[in-house]
Amino acid sequence: MRLTLRVWRQRDADTPGAMVTYDIDDISEDMSFLEMLDTLNEKLILRGEEPVAFDHDCREGICGACGVVINGDAHGPERTTTCQLHMRHFDDGDTVDVEPWRAGAFPVVKDLVVDRSAFDRIIGAGGYISVPTGAAPEAHATPVPKADADFAFEHAECIGCGACVAACPNGSAMLFTSAKVNHLNVLPQGAPERETRVLDMVSAMDEEGFGGCTLAGECATACPKGIALPSIAAMNKEWLRATRKASRR
Amino acid sequence: MSENTDYTAYETGAPVVDTKAPAGPVAERWDTRRFEAKLVNPANRRKHTVIVVGTGLAGGAAGATLAEQGYHVVQFCYQDSPRRAHSIAAQGGINAAKNYRNDGDSVHRLFYDTVKGGDFRARESNVHRLAQISVEIIDQCVAQGVPFAREYGGLLDTRSFGGVQVSRTFYARGQTGQQLLLGAYQALSRQIAAGNVEMHARTEMLDLIVVDGRARGIVARDLITGHVDTYFADAVVLASGGYGNVFYLSTNAKNSNATAIWRAHRRGAYFANPCFTQIHPTCIPRSGDHQSKLTLMSESLRNDGRIWVPKAHGDTRPPAEIPEDERDYYLERIYPSFGNLVPRDIASRAAKNVCDEGRGVGPGGQGVYLDFADAIRRLGRDAVEEKYGNLFEMYERITAENPYEVPMRIYPAIHYTMGGLWVDYDLQTTVPGLFAIGEANFSDHGANRLGASALMQGLADGYFVLPSTINDYLARNPHHDDIDASHPEAVRAVAETNDRLERLLAVDGDRTPDSFHREIGELLWEYCGMARTEEGLRKALGRIPEIREEFWHRIKVPGTGQELNQSLEKANRIVDYLELAELLCLDALHRTESCGGHFREESQTEGGEAERRDEEFSYAAAWEFAGTGRAPVLHKEALEFAYVHPTQRSYA
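Encoded structure:
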C-alpha cells in the first residue's frame, strides 16, 4: 500500500518543529505501525537524511515506551499501543498525520520523542508500599479477597505510556495517578499508607504541571489497557477521605 | 584491527578451581556463606558507592535493596524510565517452592527440576540457593502489593509449567513480569525520591573502567545530549540482561543489547557458555521481511493447547478440514508422560523436525498448530478466555486470526540466553568488584532454562543474593583511593569510546545499521540456531570477520554524536554483536556434545534426542578475551553433581 505521511520533525527541545511530508510505498498490511516507520527510516538513512526519532522497545504492548498521535488520536484508531497497531487498519492512499504526545508536562525531546519523567516522580511521591527487602511476612498471612485482588490488578495494568495525558484536552494525569492509587489502596498491604499516598501523589501530579480534570473522559477511551473512567472517581473519593481525616487530626 | 590469527585455534588455560561456594551439605551452603561474609557497618555504608547498570528485575531489585541497606547507588538504564526494562514483557509466571498445593513440592524438588531441566550444566550450589530463596521472593512481592492471581478464598493461585509435574508457578494473568517489575520499580522509585539512588535514565553504559585490576567505574553516554561521561564507584553491578538480540529476530525488546557485558568481557571478565541459547517453542511466526521482532505466546498456553501438524507432507487444507485421524499430535505421541508440557528445548526441536519433514503449516511451512478446540469444548469458551484472554487478543491483533475459531500458528524463536558473564557463587565476575546478576550472568540455568525461572532468578539475585555477597567485597576492600575522570584508565576508556563513535559517524557508507544486524542475525539463526553442525559453524566463523570488515567500510550513520541519534546507538551495539557472534559460534563448535538448548547434529541418540557427553563436557566453558578476531582462551570450570545424578533426560 502507498501512504502519505505527515510527520512532526523537531530537532531538539529548543528548536521549533514542523510537519514534514513523506510519500512511502511497499507497506504491507501485516506491518506494525512502528515497522512502517522503520521502513521509512531505512529509506531516509540511505538518502542521507536523518531518520525520524521515536521511542519504542518491547513492541509487545507492555513496556509503554512507544506512543504517538496518529490522525489526532493517541496510539491511533485502535484501542492498543502504537507498536500493536497494524497497517491493515489503514487504506491504500491514506494520508496519515504522526505527531508526538502533546502536553505541557511532556516536553518534546526530538521528533516524536517526549520527556515523560514526570510520571516517575509521581510514583516516587507515594506509588509504592514501604517494605524493605527481607521485611515481608509469609505471603499467605493476609488473604486478599479475589474481588479486591482483581480490582488491584486491573489498575496495576497501567503501562505508563502517557496516552491518557496526550488525549486529555487539559493534559491531565488523573487516570495515570488514579490507576496506581487504586491498585495499592485497595490492598490490605497498602492500607497503612493509604492517606499519605493519595495526598502526596496528587500534589506531585499538580506540581509537575499536569492540567486539572474536567471529566472529559478522553483518557479512558485512549488507554490501551482499558483503565476506565471510574478509576478517577475512586481516587477522588480516596483523596476526599484522606483530606477529611487529615483536617480532623 | 589485526585479525591475523585463526579464531578457532584457541588455547585451554588454567581451569577455574575456586567458585567460592562453601563446602558442606548443599542445603547449608548459603547460610554458611552469609555467615562467613564480612559485613559493612551500617554507618559506613553511606561512604560506599555502587553502580548498577540496568533496571529490570535483577537491577531494579538490587538498586532498591542496596539503597535500603544504606549504600549510595548510582543507577543507569537506556530507556526513558526504569519501569520499561524488558523483564516487563515476561508473561507466564514465577516459580517458588511454597508447596501451597500440597502436591509433593519442596525446595529439594525445585532444585532437582532446575538442575535436570538445565541438562546438568548448572552448578548445584547456586541452583539450591535459588530454590531456597524462591519462597522469600513470593513473600516480598506480595508485601509490595504485586497483584498475583488469587482464588475465592483469598489465597494465591498457581499453575503448571513445562518440565515439571507440580503446580508451583505464581502468576498475574499473562502479565507476571510486568507486575513483578513494577513492584521492583516502585521500591526503586521510593529510594530515588529519598535521594539514596541517583538515577540516570536514557544513559547507556559503553565501557567499564578497571583500575589496578578492580572495577571502579563505567563510561556512559547520555542518549539525549550525546555526552560521554565517566562515573565511579567502589563496585559495579551489571544487570543489563541477555544477548538474544545478536540474532536480530528474537523476543527481546528492540533495544536490549549486549554492550555492557561485552565491554566488560573485553576488560577481563570471562564469558561463559555463550552457546547456551534458549529457543522458545511458542512464538508467533514471522510474517515477512519487514519483521522487526518476534512475539512470544506464553508457555502457559501449553497447559490447555494441543500442538499438532498434519500427518501428510504438504497438506495445505485449512486446519478445520483436516480430520482427527490425519493429525499428528507429535508431542503427545513422542512424550506421552509430559505431552505438550515438555521443556522448551525439546518442544522447539520437535517443531523444527516436523517442519523440516515438510509438514509445517502457514506461509513457508514454518509453523505448527497450537489448538484450543478441545479445551474450549471441555472448559467452555469463557473459562479459556478467563485464563488466556489477553494472549488470545494479542495473537489476533498481530495475525488478524481468531484463535477461538482457528488454531494458533506458532514457531520457535530466540528468547533467552543461559550463557553470560562467568560469576562465582558471590555473583562476582573474574574482574574483582564487577558483579553480574540476572540474565547477564550464566549461573543458574545450565544449558536450558525452565519456564517461570527467569523471574525467580532475577529477583533472587537482585533482592537477596547480591545485597549479601557485595557486603563481603566492600568490607574487604574498604579504602580505595579516590579517582576521577583524570585517571589515566578513565581517560583511556573515554578516548576509546569517543573514537569508536566518531569512526562510526565517519564511514558514511551505503548500508544501514539494521541491514548489518539482520545479516548477522540470519547467519546465526541458520548455523547456530536450533541445530548446529561443525560444517555450518565453520562456515559462520568464516563469514563473521568478513561482515565485520564490510561493516567498517559500508556502515552509514547519519547525524552527529552530540544529539539523540538512534542510528548511532544501534550501530554501536552492532559493533559488539559482530564480536560476540564469533564467540557464540566458537563455543558451539568446541562443545561437540548436545545438551539442553545446544543441539549438535553429530551428537544425538537413535531417537533423535540430544546426547550429552558428560565424560568430556561436564564443565562450564569460561572464555577469556584476547583481542578482536583473536582466538580466546578457554578456562574450564568442572561441574560436580553430588545430589542430582546426571542421567539422560527423559520426558517420554
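Quick mapping for you: the protein sequence lines, in order, are chains E and V.
Mind the numbering: the first sequence is residues 1 to 249 in our numbering, read in order.
Mind the numbering: the second sequence is residues 250 to 901 in our numbering, read in order.
Heads up, the beta-carbon is just placed ideally off N, CA and C, and yes, glycines get one too.
Keep in mind it's a predicted model, so treat the numbers as computed, not measured.
{"Check": "As assigned by DSSP and simplified to three states, the class of V/Cys390", "Outcome": "helix"}
{"Check": "DSSP bridge partner residues for V/Phe684 (one or two, in chain order)", "Outcome": "V/Val486 and V/Gln677"}
{"Check": "Three-way DSSP call (helix, strand, coil) for E/Asp23 in this model", "Outcome": "strand"}
{"Check": "DSSP three-state assignment for V/Glu252, whether helix, strand or coil", "Outcome": "Legend: pLDDT at V/Glu252 = 49, less than 50; position of this residue unreliable, value from coordinates given subsequently. Three-state result, V/Glu252: coil."}
{"Check": "Contact with chain V by E/Met235, beta-carbon distance below 9 Å", "Outcome": "no"}
{"Check": "Own chain, CB closer than 6 Å to V/Glu400, minus 5 neighbours either side, in chain order", "Outcome": "Asp406"}
{"Check": "Amino acids of chain E, ordered along the chain, whose beta-carbon sits closer than 8 Å to that of V/Glu317", "Outcome": "Pro132 and Thr133"}
{"Check": "Where V/Cys524 sits in the DSSP three-state scheme", "Outcome": "coil"}
{"Check": "Residue range of the beta strand (DSSP E) that includes E/Trp8", "Outcome": "Leu3 to Arg9"}
{"Check": "Extent of the continuous alpha helix (DSSP H) to which V/Phe325 belongs", "Outcome": "Per DSSP, V/Phe325 belongs to no alpha helix (DSSP H); it is in the beta strand (DSSP E), His321 to Phe325."}
{"Check": "Partners in chain E for V/Gly402, counting only beta-carbon separations shorter than 7 Å", "Outcome": "Pro143"}
{"Check": "Cβ separation of E/Ala125 and E/Asp200, assumed to be a contact under 8 Å, to the nearest whole Å", "Outcome": "5 Å"}
{"Check": "Segments of 4+ residues assigned as alpha helix (DSSP H) that fall wholly inside the region 167-194 of chain E", "Outcome": "174-185"}
{"Check": "At least three beta-carbon pairs within less than 8 Å, the region 372-390 of chain V to the region 275-294 of chain V", "Outcome": "yes"}
{"Check": "Chain-ordered neighbours of E/Ser28 on chain V, where CB pairs are closer than 7 Å", "Outcome": "Gly537 and His539"}
{"Check": "Reference V/Glu860, options V/Tyr320, V/Gly785, V/Ile595 and V/His802, closest by Cα", "Outcome": "V/Ile595"}
{"Check": "Own chain, CB closer than 7 Å to V/Ala484, minus 5 neighbours either side, in chain order", "Outcome": "Val299, Ala464, Gly682, Phe684, Ile719, Tyr722 and Leu723"}
{"Check": "Where V/Arg516 sits in the DSSP three-state scheme", "Outcome": "coil"}
{"Check": "Residue range of the alpha helix (DSSP H) that includes E/His89", "Outcome": "First-last for E/His89: undefined, no H or E at that position."}
{"Check": "Residues that V/Tyr826 contacts on chain E, provided the C-beta gap is smaller than 8 Å", "Outcome": "Per Cβ cutoff of 8 Å: no residues; V/Tyr826 is ~17 Å from chain E at best."}
{"Check": "Coil, strand or helix - V/Phe419 by DSSP", "Outcome": "strand"}
{"Check": "DSSP-derived helix/strand/coil call for V/Pro794", "Outcome": "helix"}
{"Check": "E/Lys110 - partner residues in DSSP beta bridges", "Outcome": "E/Val113"}
{"Check": "Cut-off 8 Å between Cβ atoms - residues of its own chain near V/Val603, not counting five sequence neighbours on either side", "Outcome": "Val558, Asp577, Tyr579, Gly609 and Val617"}
{"Check": "Straight-line Cα distance separating V/Ile467 from V/Asp461", "Outcome": "15 Å"}
{"Check": "Paired residues, beta bridge with V/Asn344 - DSSP", "Outcome": "V/Thr418"}
{"Check": "Minimum Cβ-Cβ distance from E/Cys58 to chain V less than 9 Å", "Outcome": "yes"}
{"Check": "Neighbour flag for V/Met448 against chain E, beta carbons, 9 Å", "Outcome": "yes"}
{"Check": "Beta carbon of V/Arg422 nearer than 9 Å to that of E/Ser130", "Outcome": "no"}
{"Check": "N- and C-terminal bounds of the alpha helix (DSSP H) containing E/Asn152", "Outcome": "According to the sequence provided, residue 152 of chain E is Ala. The question's Asn does not apply to it. Taken as a continuous stretch (DSSP letters only), the alpha helix (DSSP H) holding E/Ala152 covers Lys146 to Ala156."}
{"Check": "Contact the region 174-194 of chain E vs the region 135-146 of chain E: 3+ CB pairs below 8 Å", "Outcome": "yes"}
{"Check": "Chain V contact for E/Gln172 (CB, 9 Å cutoff)", "Outcome": "Reading off the sequence, residue 172 of chain E comes out as Ser, not Gln. Not an interface residue."}
{"Check": "Neighbour-count burial assignment, V/Ser549, 16 or more Cβ in a 10 Å radius", "Outcome": "buried"}
{"Check": "Residue environment, V/Pro264, which counts as buried when at least 16 other CB atoms sit within 10 Å", "Outcome": "exposed"}
{"Check": "Buried/exposed call for V/Val740, threshold 16 Cβ in 10 Å", "Outcome": "exposed"}
{"Check": "Rounded straight-line distance, which links the Cα of E/Asp25 to that of E/Arg2", "Outcome": "4 Å"}
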